[in-house]
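Numbering (our numbering), first residue to last: 11 to 195. Cβ atoms here follow ideal geometry from the backbone N, Cα and C, with glycine treated the same way. Structure, as structure tokens:
Right, dumping it as structure tokens:
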């Protein structure tokens, strides 16, 4: 009887240790996932800011030939489809007037300079989506930004930009703009 009790106790302790170990691995795995998202966001913005520096420098502009614009590389197909729809609509209907994109969603403004991001944090995450908060610094002014991200083709890509400071949900506003403009035709 003592042997049986001992065997049952050892088996129980082994089971508890395995379960605890699995939980620790899952927590560590989730932490690594959020770290990967933060790393990806920092890499995206580094690439975007480099692209902007090249656009601003006449001697470097020629090197942009053949380089995919940041949205094509770093945003989801759905985001890019909405941008294309808005740009197509504006090209066909605005007759030279300013269309939807009065500001740039990468810099949250019309003008830009001294660009950086800080305080990049994952607010929520599932296996295929993440919400990331950050401060975007442009011309010395920080803007709170929320990125809605999706895992697409093996990388985290931006599916929406939200300018928290100015309450501007870019994707929702594009959809509203097209539905309102289409209704006005």
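Using a Cβ distance threshold of 8 Å, residue 96 and residue 81 do not count as a contacting pair. For residue 127, same chain residues with a beta-carbon under 6 Å away, outside a window of 5 residues either side, are 55, 144 and 146 in chain order. In its chain, beyond the 5 residues on either side, 119, 121, 122, 123 and 124 have a beta carbon closer than 8 Å to the beta carbon of residue 149. 142 is the residue among 184, 142 and 87 whose C-alpha sits nearest the C-alpha of residue 174. Per DSSP, the unbroken beta strand (DSSP E) holding residue 167 starts and ends at 165 to 173. Under the DSSP assignment, residue 162 falls in the beta strand (DSSP E) whose first and last residues are 151 to 162. Judged by DSSP in its simplified three-state form, residue 119 adopts strand. Residues of the same chain with their beta carbon placed closer than 7 Å to that of residue 176 are lacking, with the five preceding and five following residues left out of the count.
The closest CA to that of residue 115, considering only 53, 189, 84 and 44, is found on 84. DSSP places residue 141 within a strand segment (E or B) once states are collapsed to three. In the DSSP secondary-structure assignment, residue 114 is bridged to 119.
Of the candidates 63, 57 and 89, 89 places its Cα closest to the Cα of residue 169.
In the DSSP assignment, residue 179 is bridged to 172.
Residue range 87 to 103 is occupied by the alpha helix (DSSP H) that includes residue 100. At the C-beta level, residue 133 and residue 166 stay beyond 8 Å of one another. Residue 129 carries a strand assignment under DSSP once its states are collapsed to helix, strand and coil.
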